[in-house]
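Here the structure comes first, spelled out in structure tokens, and everything after it is commentary.
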Amino acid sequence: MCVKRVPLTGGRIVLTEDEQAIETRHLAFTISPHEECGVEEAVRLIEANGGESVVLTLGPPEAEEQLRDAMALGIDRAVHLVSEGEEWDPQATAGAIVEAIRADEAANGSFDLVFFGNESADAGNYQVGIRVAYALGRPVATGLKGVSVGGAVVRCEQEVTGGRDVYELPLPAVVGVLEGLNLPRYPSVPAKLRAQRKPVDASTPTRPDSRLEKVRLVVPEGQGKEALILGQGPEAAPAVVEVLRQIGVA
Amino acid sequence: MLFARRALLLTRLVRMGKPVARASDLPARVRNEATIVLGQRKLLQRFVPGLMHAFIFWGFLVLFPTIFMAMIAIVDREASLPSGSPLGWLERQGWYAFTVDVFVVLVLAGVATAFYIRKVQRPRRFDGSHLGEADLILALIAGIVTTLLLWHASLIALGLNPWPGEWSPISDAASNLFGAGTTTEVLERVFVWAHVLLILSFLAYLPHSKHLHIGTAAINVFFGRTQARGRLEPLVFEAEDESDLRFGVGTVADLTWKQMLDAMSCTECGRCQDVCPAYATGKALSPKLLIMGIRDHLFAEGPAALAGGDLSALVPNAVTDDVVWDCVTCGACVHECPVSIEHVDHIVDLRRHLVMVESGLPAETETMLRDVERGSNPWGKPQTERASWAEGLGVRVLEPGDPAPEVLYWVGCAAAFDERARTAAISTAKLLLAAGLDVAILGPRESCTGDPARRAGNEYVFQALALANVATLDDAGVTKIVASCPHCFNTLANEYPDFGGRYEVMHHSELLAELVRDGRLSPVAGDATITYHDSCYLARHNDVLAAPRELVGRIGKPLEMARSGKRTFCCGAGGAHMWMEERGSQINEERAREAAATGADTLAVACPFCTVMLDDGVRQTGGEMRVADISTLLAEATKRDRTTAGDPQ
Amino acid sequence: MVYIDEPGELAQQALTFARELGGPLHAFAALAAVSVEGVETLHVAEGDAFASYAPAAIAQALVELVERLSPTAVVAAGTERGNEVLAHVAAKLDVPFAANCTRATPGDPLVVTRVRWGGSLLEEARVHGPVKLLTVQPHAVASEEQAAGDPAVERFTPTHSDADLVVRVHERVAAAAGGVSLADAKVVVSCGRGAGSSEGFGIIEELAGLLGGAVGCSRAVTMAGWRPHTDQVGQTGTKIAPDIYIACGISGATQHMAGCKGAKAILVVNTDPEAPILASADWAVIGDLHEIVPAISAEIRKAQTQKAERG
């Protein structure tokens with residue numbers, strides 16, 4: 075299960091002076107939402123079928139927090155590719171992950187399933203999982219709201235208008251999941267304490283040059299809106315209905 | 038024998054109980070024994086039932102030696118106790134005989150009153166109690182003292198009384214029922230035997246009934262909290278062996294010895310139930326039934342626990358889920374309990390197990406816990422916004438490396454993020470600055486004190502927050518803190534010392550009252566009538582009663598509610614209830630109605646939760662009282678011109 | 086080269102975007118020709134491989150075209166399928182792929198502005214590579230009318246490896262019938278934690294029903310289990326584009342706003358006049374949603390009965 079540490083941004087995004095990153099002082103961090111559901115799904119699959127689960131991240135030293143969170147949900151061990159803090163572009167990220175997976179598989183056997191979030195909440199590049207799948211020579215389905223394993227096949231469900239599209243991929247495979255796949259559990263404190271002691275295999279890969287090279291970040295201009303206050307409390311209801319009428323919905 | 042066996046079992050259970058430190062503060066403990074046990078102080082909080090019990094209790098103390106006198110007399114009627122021995126000397130004293138007589142009457146009067154209360158008045162607090170058991174006990178008590186009286190009377194009739202008969206007028210009068218012949222000799226034997234047999238059967242019955250309290254209550258009172266009532270006992274999360282860790286109470290084996298004593302001391306009097314705001318608004322929780330349930334489960338599974346056998350969980354087998362979550366931790370039950378049972382500890386420990394081990398908690402509370410753990414505040418709002426209420430007020434925001442302020446204003450999450458609670462922060466900041474204090478706030482570096490996490494049962498998250506806050510405060514060199522939220526105040530003052538944080542902590546009402554007294558703030562009183570709602574975490578948990586009232590007195594015309602001071606009625610938000618949906622009728626509406634009944638214009642509060650809950654309560658009950666924090670009212674009063682003093686609106 | 090997954094507004098936007106890059110414009114579609122204007126050649130890939138959606142197969146077809154025609158860029162609409170297919174192409178060719186772009190300045194390396202955080206942040210980036218793969222953020226570009234004229238249509242059958250054919254849609258499971266779909270609704274009424282419980286959504290459902298709209302919610306609500314994830318409006322939920330979005334008791338975190346940026350108008354009901362969402366709203370009512378929402382529903386009913394009586 076590959077995860078990424080992202081900040082919880084709240085109502086406003088503020089950039090650092092050099093415009094290279096979001097100002098994260100005083101911000102909380104979490105595993106990107108799609109990936110949280112992936113972690114829960116991985117744990118459930120192991121609970122149902124036996125086996126071992128691993129969580130991996132390419133991130134700064136603080137990202138160990140997210141690895142421990144994932145292990146508190148039930149993941150057995152972690153791999154931490156420690157970055158110095160600057161961003162890795164999606165191709166570089168995928169490359170590092172592929173190397174780490176290959177090394178782990180050589181030592182511990184191959185993974186039946188590799189989970190990714192469909193896209194990370196911050197950069198939203200939509201491609202790391204697919205790149206990793208090609209490099210490993212495995213089939214990949216993304217945008218999934220349902221994953222179930224039976225025999226040597228994983229059944230993947232994607233939501234479309236009017237229903238769900240179903241794929242059946244032979245294992246080993248790669249899947250990209252979306253939030254809504256499941257509702258992650260609330261970890262127990264004994265599980266959290268155990269997670270503190272689970273193994274994390276850390277290494278520091280070298281960052282190649284970016285081919286999708288970030289120049290700077292820009293906060294888009296607000297629409298400059300000042301909401302017109304229609305009133306206070308229920309007395310404002312007639313004014314609201316008038317607005318709705320003008321739009322044509324009431 | 039039976040008594041001894043049962044007593045041994047109970048002792049073994051208590052000794053198996055998990056540890057809790059209650060040995061400090063010896064003088065206060067002794068004082069409690071004197072006032073609460075001997076002086077029956079808490080019982081006398083309800084005068085007539087209290088007096089009734091006091092008679093019986095004092096009677097028991099006074100009559101205690103007569104038990105042994107009777108037993109010895111069974112063996113040897115003729116030989117009285119040698120006058121040299123203590124008992125022998127005592128039974129010859131006229132004043133003792135007189136006291137015995139008086140107390141026999143008082144005990145009988147007590148029993149009669151008790152029967153009257155139970156059978157005629159039938160107060161609601163007995164709902165759920167074992168009334169039959171109580172009747173039996175009262176009957177036994179009546180029987181014991183009556184047989185004593187009759188025995189003494191027959192002794193006098195036979196001329197065998199070791200004490201001067203004229204000193205015991207009642208026994209003396211009763212002796213006229215008996216002649217001096219053989220019938221009386223037989224009767225004397227009958228009475229003394231009856232007396233002793235009743236006592237012995239009572240003794241055998243005692244540890245199997247709620248009358249056990251006569252053994253346990255005195256001990257329980259000794260070990261009750263003597264200070265920092267608002268402080269919960271911390272858990273330890275580090276151990277060599279994970280199985281040594283205790284995560285609250287899941288089975289009876291997890292109970293601390295104090296909790297076991299609590300359970301064994303309950304007399305089912307129901308005073309706690311009477312004052313519980315949850316019970317009063319139709320919820321499942323009754324503190325009395327909670328303790329009874331734990332007690333019954335403890336006795337049922339105690340032997341298995343001692344033998345190391347399988348145990349069933351207290352929740353839901355002895356106590357249901359909703360009982361555990363209904364509690365607002367207001368402490369009214371603890372305040373009322375005559376035998377110092379600490380119900381809140383039981384609730385919190387049950388919650389700890391549910392939350393930390395079983396992940397079984399209401400969904401909206403889970404959201405709050407996730408938010409406070411990750412985002413450092415229970416509303417999940419960004420910490421970067423924490424000082425936005427202070428924009429333009431000129432309050433110093435403490436950055437790392439800044440000089441320490443004279444006093445740190447701990448704003449709290451509610452005032453930072455809730456629009457109604459914000460006014461208190463703004464008013465407090467303005468007043469403190471106007472008074473010339475060197476005050477600063479931590480701004481985004483202030484995390485939640487952890488009170489809602491701790492009260493919801495997640496001790497782990499609480500401790501992480503506490504340690505982080507202590508580190509921040511110590512780094513900043515803070516020594517004195519003022520908080521406008523009683524929950525923050527309670528946690529900072531009483532609970533942070535367990536985590537290395539020792540500061541001088543005041544509630545804002547205390548500091549503001551001090552500033553007014555010193556003349557640094559000069560309010561002008563207006564005409565508005567003000568009723569002050571005591572916050573549970575101020576009044577009951579921390580004895581802060583006078584300071585807010587001083588302020589109210591300087592601001593307007595005070596009016597007290599019936600349930601005020603330490604008998605205040607909760608607003609409903611404590612115990613993490615600010616983040617729980619309330620089923621049934623609303624605690625805050627109940628209190629709002631009580632406030633409105635005083636006829637006051639304004640309802641003054643000293644807590645952001647009370648502000649929000651009571652403001653909602655007033656609106657939901659169609660009331661028109663203005664609900665405002667004491668700091669806001671004070672700020673208005675300091676701006677009021679002496680010549681135009683009037684209703685502040 | 087523009088990949089057209091579905092003809093329509095978003096495809097038009099992609100075409101307009103691609104046009105800015107200069108040079109002759111080609112389009113590509115899988116299985117069937119699509120009607121498209123302003124394009125020199127439309128390439129259509131044929132074969133059983135395309136009977137159902139198979140992203141690797143479509144990507145392989147694009148790869149063959151890229152190798153044959155050497156376009157400067159391959160562009161598609163930034164839909165789920167658009168992003169997926171282009172990511173497959175990127176992986177096959179090992180070239181960079183910039184998803185959800187709002188702007189591109191022609192040149193080499195290409196400078197693009199692309200979207201982060203669902204739209205709350207923009208990134209300026211340089212794309213280095215022999216062919217630039219880009220998808221266009223929906224509604225970031227206004228589509229332009231083109232000169233009429235049908236393109237030349239060239240059909241071809243790409244060669245697929247077995248691996249390309251493995252990932253394909255096997256079946257479609259129909260959704261349970263019901264309600265207006267959130268993504269398509271013209272009116273969305275949503276509520277956040279302020280609802281208090283799942284029962285609290287009753288008044289929201291009532292108002293949505295009266296307006297013929299769908300019910301939405303914030304992430305806090307789905308995490309609490311009060312509403313299913315399908316109701317969640319936000320960056321990781323559903324992105325909506327109604328005529329009006331009525332947001333009750335929602336403070337306006339960026340994650341949520343990313344989901345409702347497409348709304349033409351926003352009406353906010355909140356107790357807090359300082360809530361961030363007001364900076365994006367057209368109108369606001371300050372107060373308790375539990376009082377205000379039923380009052381609005383009552384007014385609507387009143388207006389409806391009056392209209393019925395008159396009509």
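Residue numbers (this note's numbering), protein chains in the order written: chain A, 75 to 324; chain B, 38 to 686; chain C, 86 to 396. The beta-carbon is built from N, C-alpha and C at its ideal position, and this holds for glycine as well. All figures in this text were calculated on a predicted structure; none of them were measured in a lab.
About 4 angstroms separates the Cβ atoms of residue 494 of chain B and residue 389 of chain B, confirming a contact at the 8 angstroms cut-off.
The residue from A/108, A/168 and A/312 with its alpha-carbon nearest to that of residue 209 of chain A is A/168. Taking a contact as a CB-CB distance under 8 angstroms, the pair residue 460 of chain B and residue 666 of chain B counts as one, their CB atoms being some 7 angstroms apart. Taking 8 angstroms as the cut-off, the Cβ atoms of residue 596 of chain B and residue 629 of chain B do not count as close.
If you check each beta-carbon in the stretch 295-308 of chain C against every beta-carbon of chain B, the ones closer than 8 angstroms belong to 305 and 308. Around the C-beta of residue 153 of chain B, fewer than 16 other C-beta atoms lie within 10 Å, and the residue is accordingly described as exposed.
A residue is called buried when at least 16 other Cβ atoms come within 10 angstroms of its Cβ; residue 256 of chain A meets this threshold and is buried.
Within the same chain, 244 and 301 come within 7 angstroms of residue 47 of chain B by CB-CB distance, once the 5 residues on both sides are set aside. Between residue 229 of chain A and residue 242 of chain A, the CB-CB gap stays under 8 angstroms. Within the stretch 491-509 of chain B, 497 place their CB atoms closer than 7 angstroms to a CB of chain A, listed in sequence order. In the displayed model, residue 311 of chain C falls within coil according to three-state DSSP, outside both helix and strand. Per DSSP, residue 249 of chain C is one residue of the alpha helix (DSSP H) stretching across 247-251. Around the beta carbon of residue 219 of chain C, 16 or more other beta carbons lie within 10 angstroms, which makes this residue buried.
Within the DSSP bridge table, the entry for residue 666 of chain B names B/642 as partners. Bounds of the beta strand (DSSP E) holding residue 275 of chain C are 272-276.
In this chain, the alpha helix (DSSP H) harbouring residue 314 of chain B covers 314-317.
Of all residues in the stretch 267-289 of chain B, only 274, 279, 282 and 284 come within less than 8 angstroms of chain A when Cβ atoms are compared, listed by chain position.
If one requires a minimum length of 3 residues, the beta strand (DSSP E) runs lying completely within the stretch 158-231 of chain A are 187-191 and 214-224, in chain order. Along the stretch 79-99 of chain A, going in chain order, the ones with a CB nearer than 7 angstroms to a CB of chain C are 83, 84, 85, 86 and 87.
Boundaries of the beta strand (DSSP E) around residue 250 of chain A: 247-251. Distance between residue 302 of chain A and residue 267 of chain A, taken at the CA atoms: about 51 angstroms. For residue 277 of chain A, the uninterrupted beta strand (DSSP E) run begins and ends at 274-277, by DSSP.
Among the residues of the stretch 152-176 of chain C, none has a Cβ less than 8 angstroms away from any Cβ of chain B. For residue 200 of chain A, the residues of chain C that pass the 7 angstroms Cβ criterion are 168, 172 and 184, in the order they occur in the chain.
In the three-state reduction of the DSSP assignment, residue 569 of chain B falls in the strand class, which pools E and B. For residue 263 of chain A, the closest Cβ of chain B is nearer than 8 angstroms. In this structure, residue 254 of chain B and residue 376 of chain B form a Cβ contact; the two beta carbons are roughly 4 angstroms apart against a cut-off of 8 angstroms. With fewer than 16 other CB atoms across the displayed protein chains lying within 10 angstroms of its CB, residue 279 of chain B is exposed. For residue 287 of chain A, there is no enclosing alpha helix (DSSP H); the residue is found in the beta strand (DSSP E) stretching over 286-292. Counting only the Cα atoms, residue 316 of chain C lies some 56 angstroms from residue 61 of chain B. Taking a C-beta distance under 8 angstroms as the contact criterion, residue 184 of chain A and residue 246 of chain A qualify as a contact pair. Rounded to whole angstroms, residue 657 of chain B and residue 307 of chain A show a C-alpha spacing of 13 angstroms. Legend: CB atoms of the stretch 347-369 of chain C lying less than 8 angstroms from CB atoms of chain B belong to residues 356, 357, 358 and 359.
Any Cβ of chain A closer than 8 angstroms to the Cβ of residue 460 of chain B would place that residue at the interface, and such an atom is absent.
With respect to chain B, the C-beta atom of residue 275 of chain C has no partner C-beta closer than 8 angstroms.
When DSSP assignments are scanned along the stretch 329-383 of chain B, the uninterrupted stretches of alpha helix (DSSP H) that are 4 or more residues long and fall wholly within it turn out to be 351-354, 358-363 and 369-373.
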